[in-house]
Structure formats: C-alpha cells, structure tokens
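Written out below as structure tokens is the structure these notes cover.
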Amino acid sequence: MSPLPSPFDLDMMAIALRVAERGLGNVAPNPAVGAVIANAATGEVIARGWTQPGGRPHAETEAIRRAGVRARGATMYVTLEPCAHHGKTPPCADAIIAAGLKRVVVGVGDPDLRTAGEGVARLRSSGIEVLEKVREDEACWLTLGHILRVTQGRPFVTLKMATDAQGNIPRGDGAAPVWATGPEARAAGHLLRARADAILVGAGTVLADDPDLTCRLPGLEGRSPDRIVMWGRKPFPADRRLVKTAGAVPVILIRPEGFRDNLTPLREAGVTVIEPPIRVSHVSPDLAVGLLAERGCTRLLVEGGPVLWRAFSEAGLADEVALFIAGHTIDTRGAEEILTRHLGPGIYKLITRRSVGADTMLHWARDPVAGCAGQLAAVQRH
C-alpha cells in the first residue's frame, strides 16, 4: 500500500497549487503547473516555480533554477506529473534527476501519451522516491483544461453569466452594453478573462453590446485572452470594436464556409477567419471547441449570450458556471431557479457563494471530481 502524505506534504502541495494558478490563461497550449522544492526535515521552502508565460520554462525547471545547489537531497512537490518527452525543452523528469532531488510528490498524472506514467517511472528507476495522488482532486481540477484537450480534444469551458435580481439579462443598445451588476462584480469577471486562453461570444452579443472583451484590470491588461466570435450567415460588421482592435488583441471569427460576403476588410484589420473543414449550415459548440483546441486553447470563457449559454450547457460542454446576480437578496433556491431558467434542468453543483461589492457571485461546477477521475481512468485503460 502506498504511504500516506504527511501534513507537511499536504501543505507544500497546497502552495504548489496556488503558484500554479499564476499560469492560468498565460501558458497555452501547455498546462499551468506549480512546483515547490522544500526540506521536510527543517520545514523550509527552498524555492517555488510555475509555468512561465508562453509555456516555457516549465515549473519544475524554474523551481530547480531558483533553488540552485540547494535542490540536491530535497523534495519537490509538483501539481502535474513531470514530462518525459523531448519537445521544445528537454524532459522535466531528466532535469529532476540531474538536480539530485531525492523525493518527488505528484498531484495528478499526465494523460498525455508522451508521458502518461513514464515521467514517474523514469524518476523511480533513478532511485528517486515518488509519492503520487496528493491533493489529486484539486490538482486535477486545476489541470482539467490540459486533461480535456488531451483526452477529448476540447478546452475546459466556463460560462460567465450576469443578471439582475430577477434573473433577467439587460441588452445593449447596439453601441454599448448595459450592466446588470456593479464595478466590483465586473472586475471579478475581468479576472476570469485573465485566467482564460480565449473568450467566446455570439452574434447577438456583438450586435447588441459592441464589446471589447479585453481584460482591463490594472496590471493585467496584457492578459487579455484571444477573442472568439461564433458567427452565422450575415456579413460581420467591420465597424465593431473587435475589428478595430484586432491588431492589438487577436480576434478569431468562426463561421460556416461558402458564403459570398467580402472578408478582405476583416482580414486586413487582423481578424482571423476560420471556416470549418466540413460544410455546415451553422457552427455548433462541439465544432467550435474542437477548432479552438486544435489551436492550443485549454481554457475557454463563454460570456454570451443566453442562446450560447444554453447551447454549451445542453451539449455537455460547460464545466463550470460563474453566475453574477445583482444585489444580495437572492437565496440559493432563487439562484438555482435563475440558473435552470437559462441553462435547463439542474446538472450543476454549487461550490461557492460570495459577495462581490453590492452583488452576489456563485460558482457552480459539473461534478468536477468524477470528471477528472473519469478522464484519467480512460487513459490508463488504454
């Protein structure tokens, strides 16, 4: 039987999970990973590392670089199994061996078939003690975008919804959005953008709100995700903010192929137009997420509108929901009714509820633990 993690092991993995979050939305197509090098005998944290912008250096090599010679004989805590394959960087498993670490504690295994247990096997064959599945559920949830992209060919999907106290969604006037919630709630929504690789809306949102879809939090302006629009048969209006700013933050238009409207002005403005390789009358959520995963997207934020929310939910493609409701008067049952009204019968579990300024933010998830376990088990069976 595998040994149980010590309280110190659990604490160090908790730190690794927190530092891993720094890479969310900033490292695709690589997973956001955290690593901590520590001395269990003295209780000292020697170094921390996380996946760097663009996906390299990896968390393990970054932690080793920061630790220097003090890594020798220490323990590494890493949220995802160290990679075992040569890509644009050498395997992290080899770097750990070369650094002289004596023990490695792993959060969750990597389903990527280029690693898939080989990283742990390589460490053990070199005499390094390995303890697996420490805070596995938390590590799996954090890494689910990578896991889903590898196993299902799609990103992790968050629906971001905002309503007034009665659950209604205000519509823009064609020139600007009308806000349902206050500035603090909108700031929380911008943080969701910073943690996503891409943000997606439909035609209705573009026409009604003319949104920017960028992250405008002070200090995080450079963390704006790629902006995706699922479009239909009508010509895309070239006067929208998305087109005017496409040179600064990428804009990708996904639309059925074969229509005769002139796309040259959009492309000249910097908009990338993707037409599916198969002839379709409309772009479905399944098709959209597959195309985005092929481009390296691991975390997708779906902001609007209500037609897209329901379509993603009914297709089984919404992993979590961030629901912002104006005011503090709504109770849990009332919030559930709003969720069901917009997404259909209840399939989500309420994870957290908190006040954000004058408004309420609720986080719902679709059976995250079972979802993670199922994805990893499927890889292990094959």
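Count along the sequence shown from 1, then add 951; that gives the number in the working numbering. Just so it is clear, CB atoms sit at the ideal spot from N, CA and C, and this is done for glycine as well.
Under DSSP, the alpha helix (DSSP H) around residue i begins and ends at which residues?
i: E1254; result: It is not in any alpha helix (DSSP H) - E1254 instead sits in the beta strand (DSSP E) that spans 1250-1255.
i: I1098; result: 1095-1102
i: V1129; result: Unbroken run through V1129: none, as it is neither H nor E.
i: A1239; result: 1236-1245
i: G1070; result: 1069-1076
i: L1294; result: 1283-1294
i: E1013; result: 1010-1018
Please tell me whether residue i and residue j are closer than 8 Å, where the distance is taken between their beta carbons.
i: V1253; j: L1110; result: yes
i: I997; j: A1010; result: no
i: D1160; j: P1128; result: yes
i: G1295; j: A1147; result: no
i: F959; j: A1136; result: no
i: G985; j: R1007; result: no
i: P1207; j: E1226; result: yes
i: T1026; j: R1054; result: yes
i: I1205; j: V1234; result: yes
i: A1035; j: R1016; result: no
Which value, in whole angstroms, describes the spacing of the CA atoms of residue i and residue j?
i: A967; j: L1158; result: 43 Å
i: P980; j: R1218; result: 24 Å
i: P1121; j: P1041; result: 51 Å
i: P1176; j: E1032; result: 27 Å
i: A1018; j: A1090; result: 23 Å
i: V1029; j: E1069; result: 15 Å
i: V978; j: G1247; result: 10 Å
i: A1269; j: G1024; result: 43 Å
i: G1140; j: R1178; result: 15 Å
i: T1303; j: D1282; result: 13 Å
i: A1316; j: E1271; result: 4 Å
i: H1333; j: L1099; result: Because the pLDDT at H1333 is just 44, under 50, the model does not fix this residue reliably, and the value given afterwards should be weighed accordingly. So the two alpha carbons sit approximately 16 Å from each other.
i: D1115; j: T1280; result: 11 Å
i: A1286; j: V1307; result: 15 Å
i: L1164; j: L1193; result: 8 Å
i: E1087; j: A1067; result: 15 Å
By the DSSP assignment, the beta strand (DSSP E) with residue i in it spans what residues?
i: G985; result: 985-990
i: T1303; result: 1300-1307
i: G1000; result: 995-1001
Tell me, please, which residues DSSP counts as bridged to residue i.
i: M1027; result: I988, V1055
i: L1314; result: The sequence given here has His at residue 1314, not Leu. Paired residues: A1273, T1303.
i: M1112; result: L1274
i: R934; result: Any answer about residue 934 is impossible in this case: the structure gives the chain only from 952 up to 1333.
i: L1082; result: V1056
i: F906; result: Here the chain comprises residues numbered 952 to 1333, so residue 906 is not present and cannot be evaluated.
Let me know the alpha helix (DSSP H) ranges lying completely inside the stretch 1138-1225, each 4 residues or longer, listed in chain order. 1154-1160, 1192-1195, 1215-1220
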